[in-house]
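To start, the structure itself, in structure tokens.
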DNA sequence: TTGAAAGCGCTAACAG
DNA sequence: CTGTTAGCGCTTTCAA
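Residue numbers (the numbering used here), protein chains in the order written: chain G, 1 to 334; chain L, 335 to 668.
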């Protein structure tokens with residue numbers, strides 16, 4: 001717990017010189033530098049980051065606010081962000097909003113109080129208030145969900161196109177009556193729904209309101225929505241869900257109804273998970289480049305920290321379609 | 335970004351008085367208190383936590399160092415810790431060691447540099463060095479894995495007994511040749527192995543070295559170990575794995591070999607996950623009280639922060655056996 | 001090239 | 001009950 005003062009005394013120099021050595025300032029005589037370095041080593045000195053932060057009015061901590069850490073997508077993101085952040089000497093504070101705007105706003109304040117350098121955020125629903133907050137504080141990068149009209153750095157998936165390709169794959173395999181269970185209150189769910197509808201139209205099909213459900217992006221909601229769809233007088237031949245939690249719920253419903261995949265109903269979704277390839281049949285899905293998303297977001301954030309006035313950018317990454325058994329070509333039996 | 339000085343000026347008092355109001359000190363005249371409160375509100379003043387930390391030589395941040403955030407067990411733990419920490423006004427820094435002692439020691443230093451109040455840690459392998467570190471810094475609570483002989487607060491599962499019950503359940507259902515795939519380099523894997531062996535002995539069976547594998551607690555290792563076990567001249571009738579990652583790998587191997595569960599081979603494990611009840615048949619397992627573990631660990635930590643000299647305690651929680659299809663009573667066919 | 005000194009925002013001892 | 005003051009550990013003018 002030696003302080004810079006003790007190092008200075010041990011090396012017979014002023015604290016300013018120690019500070020200069022620490023900062024790798026070129027204006028220090030080599031001899032002095034050596035002495036200081038030696039003292040640092042002998043005293044096992046480590047700079048007090050708190051003091052440094054107070055002085056600099058800025059920490060080397062960044063925040064990550066996700067909407068649901070139980071969602072493997074966000075777990076993967078946090079891995080990536082953590083990796084990249086620590087590589088750059090930053091620590092990571094992680095928070096979880098449970099899709100609750102109130103919690104989001106609380107955590108945004110926590111971040112402000114913690115004097116973080118910046119925040120990576122998957123905004124929950126109406127982040128208008130939050131956004132205003134953002135503008136008066138730290139650097140921000142938005143991930144996963146876009147905030148329309150906001151002048152903020154973003155890293156997003158090409159949601160419309162991914163959903164289009166996923167739906168087209170079903171269509172190509174002979175499925176026609178395709179239902180979609182979409183996460184509500186986020187641009188992501190809406191965009192994926194758009195891609196789904198575009199694909200249907202491209203195949204001359206009319207999207208049916210009955211087959212599109214917007215629900216909270218969680219297992220229970222996916223389960224309930226799927227159950228209701230499967231109980232329709234004319235049930236869908238395929239189910240598309242917009243995240244892995246919804247897919248898990250849908251799968252549960254399919255099991256409960258005693259249906260077989262894909263013979264009775266196909267299932268496709270977004271996001272690779274441990275289980276998607278473990279269930280029988282394995283699930284066809286759009287894999288997001290999670291690591292790259294997290295890494296890119298961190299890079300954008302630290303760039304903005306370094307240069308607050310640079311133009312904002314919006315990075316769109318492509319999803320990858322992984323075709324597996326849950327959407328095998330349809331065997332017509334009607 | 336108003337500071338305490340500006341509040342003091344606005345209220346026509348000294349910064350000390352503002353500080354006292356902030357600390358809820360009783361020695362402030364109500365009239366003054368009112369004025370200060372008003373100024374605080376008007377200026378939207380929020381205390382600078384950095385300055386406070388520098389002064390107090392201690393932050394209101396705690397660290398969580400887990401060995402693998404991809405392990406849903408640790409994801410659940412981090413949820414719980416985060417919840418409890420924020421309830422008490424603490425922030426959470428999360429790190430991930432990937433079971434790498436080097437990363438662990440780096441992150442322990444990060445924690446020290448960040449002046450955290452304390453750290454919750456699932457120690458990786460030989461944390462002797464780490465432990466010494468610990469003793470000279472912040473409060474520590476160890477979770478999931480015990481450090482023998484260490485005088486540290488711990489929150490653990492009753493591993494031996496849980497594994498005993500899990501194994502006994504298999505034995506009661508008619509399985510005899512039971513293999514175990516255990517996480518290596520942690521007391522957890524070893525203790526669970528002990529419970530497994532005790533159960534075998536209680537049933538008059540001799541544990542066979544051939545059927546016990548210690549491997550890195552990850553999917554790939556679980557896959558490889560299971561594959562080798564299933565290729566044995568006399569393959570096991572049941573597989574027990576000591577965490578969900580190993581189970582996922584084992585399941586993959588079972589699928590690849592085209593075996594049916596439980597007819598060809600049963601599978602039981604530790605840790606509830608999304609997928610364990612989603613695969614067919616669902617997996618029998620010991621569920622850990624993850625939320626309680628995280629909550630208890632946080633409580634112990636904050637208690638120790640408040641009272642560093644209190645006697646250390648070791649909290650042992652019970653696992654819950656969830657019986658599902660993957661270990662259904664054995665149909666003898668020999 | 002180096003050092004003295006001020007000050008980041010806060011709290012707590014001490015005086016009054 | 002309230003204000004003055006010193007100082008937490010660091011960086012950065014400003015002078016020398």
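The beta-carbon is built from N, C-alpha and C at its ideal position, and this holds for glycine as well.
Note that the structure is a prediction, hence the values are computed from the model and not measured.
Residue environment, residue i, which counts as buried when at least 16 other CB atoms sit within 10 Å
i, result
"residue 4 of chain G", "buried"
"residue 430 of chain L", "buried"
"residue 444 of chain L", "buried"
"residue 128 of chain G", "Reliability of the predicted coordinates at residue 128 of chain G is poor, the pLDDT of 47 falling under 50, and no value is obtained from them."
"residue 531 of chain L", "buried"
"residue 364 of chain L", "exposed"
"residue 661 of chain L", "buried"
"residue 81 of chain G", "buried"
"residue 331 of chain G", "exposed"
"residue 567 of chain L", "exposed"
"residue 25 of chain G", "exposed"
"residue 346 of chain L", "exposed"
"residue 44 of chain G", "exposed"
"residue 204 of chain G", "exposed"
"residue 479 of chain L", "buried"
"residue 206 of chain G", "exposed"
Span separating the alpha-carbon of residue i from that of residue j
i, j, result
"residue 471 of chain L", "residue 446 of chain L", "7 Å"
"residue 18 of chain G", "residue 42 of chain G", "14 Å"
"residue 685 of chain L", "residue 153 of chain G", "Since the first residue of chain L shown is 335 and the last is 668, residue 685 of chain L is not available in this structure."
"residue 224 of chain G", "residue 534 of chain L", "43 Å"
"residue 546 of chain L", "residue 634 of chain L", "35 Å"
"residue 591 of chain L", "residue 561 of chain L", "8 Å"
"residue 648 of chain L", "residue 245 of chain G", "36 Å"
"residue 53 of chain G", "residue 343 of chain L", "25 Å"
"residue 269 of chain G", "residue 509 of chain L", "38 Å"
"residue 265 of chain G", "residue 170 of chain G", "11 Å"
"residue 521 of chain L", "residue 554 of chain L", "21 Å"
"residue 157 of chain G", "residue 288 of chain G", "7 Å"
"residue 434 of chain L", "residue 459 of chain L", "8 Å"
"residue 39 of chain G", "residue 638 of chain L", "34 Å"
"residue 362 of chain L", "residue 391 of chain L", "26 Å"
"residue 425 of chain L", "residue 260 of chain G", "46 Å"
"residue 272 of chain G", "residue 120 of chain G", "22 Å"
"residue 668 of chain L", "residue 501 of chain L", "Note that residue 668 of chain L scores a pLDDT of 47, beneath 50, so its modelled location is shaky and nothing firm can be said."
"residue 640 of chain L", "residue 389 of chain L", "17 Å"
"residue 316 of chain G", "residue 275 of chain G", "27 Å"
"residue 643 of chain L", "residue 298 of chain G", "40 Å"
"residue 142 of chain G", "residue 498 of chain L", "48 Å"
"residue 78 of chain G", "residue 514 of chain L", "32 Å"
"residue 7 of chain G", "residue 32 of chain G", "12 Å"
Contact set between residue i and chain L, taken where Cβ atoms lie within less than 7 Å
i, result
"residue 113 of chain G", "380 and 383"
"residue 53 of chain G", "384"
"residue 110 of chain G", "425"
Contact check, residue i vs residue j, beta carbons under 8 Å
i, j, result
"residue 395 of chain L", "residue 451 of chain L", "yes"
"residue 267 of chain G", "residue 613 of chain L", "no"
"residue 494 of chain L", "residue 544 of chain L", "no"
"residue 88 of chain G", "residue 177 of chain G", "no"
"residue 324 of chain G", "residue 283 of chain G", "yes"
"residue 398 of chain L", "residue 428 of chain L", "yes"
"residue 418 of chain L", "residue 629 of chain L", "yes"
"residue 195 of chain G", "residue 162 of chain G", "yes"
"residue 229 of chain G", "residue 449 of chain L", "no"
"residue 575 of chain L", "residue 587 of chain L", "no"
"residue 322 of chain G", "residue 285 of chain G", "yes"
Contacts of residue i in chain G (Cβ-Cβ under 9 Å)
i, result
"residue 426 of chain L", "93, 94 and 95"
"residue 608 of chain L", "70, 72, 219, 244, 245, 248, 273, 274 and 275"
"residue 416 of chain L", "69, 94, 95 and 96"
Chain-ordered chain G contacts of residue i [CB-CB under 8 Å]
i, result
"residue 669 of chain L", "Residue 669 of chain L lies beyond the residue range present for chain L, which begins at 335 and ends at 668; the question has no answer from this structure."
"residue 409 of chain L", "69, 70 and 75"
"residue 393 of chain L", "50"
Residue i: contacting residues in chain G (beta-carbon distance under 7 Å)
i, result
"residue 316 of chain L", "No answer is possible for residue 316 of chain L: it lies beyond the span of chain L, which begins at 335 and ends at 668."
Distance cut-off 7 Å: residue i Cβ against heavy atoms of the ligand ZN
i, result
"residue 287 of chain G", "No copy of the ligand ZN appears in this structure; indeed no ligand is present at all."
Report the start-end ranges of each beta strand (DSSP E) in the region 396-453 of chain L that is 3 residues or longer and not cut off at the edges. 425-430
Where in the region 259-286 of chain G do unbroken runs of the beta strand (DSSP E), each at least 3 residues long, occur, reported from the N-terminal end onward? 266-270
3 or more residues per run - each beta strand (DSSP E) lying fully within the region 176-260 of chain G: 178-183, 212-215 and 238-241
Let me know the alpha helix (DSSP H) ranges lying completely inside the region 1-42 of chain G, each 4 residues or longer, listed in chain order. Counting whole runs of 4 or more residues, the region 1-42 of chain G contains the alpha helix (DSSP H) stretches 4-11, 15-22 and 30-42.
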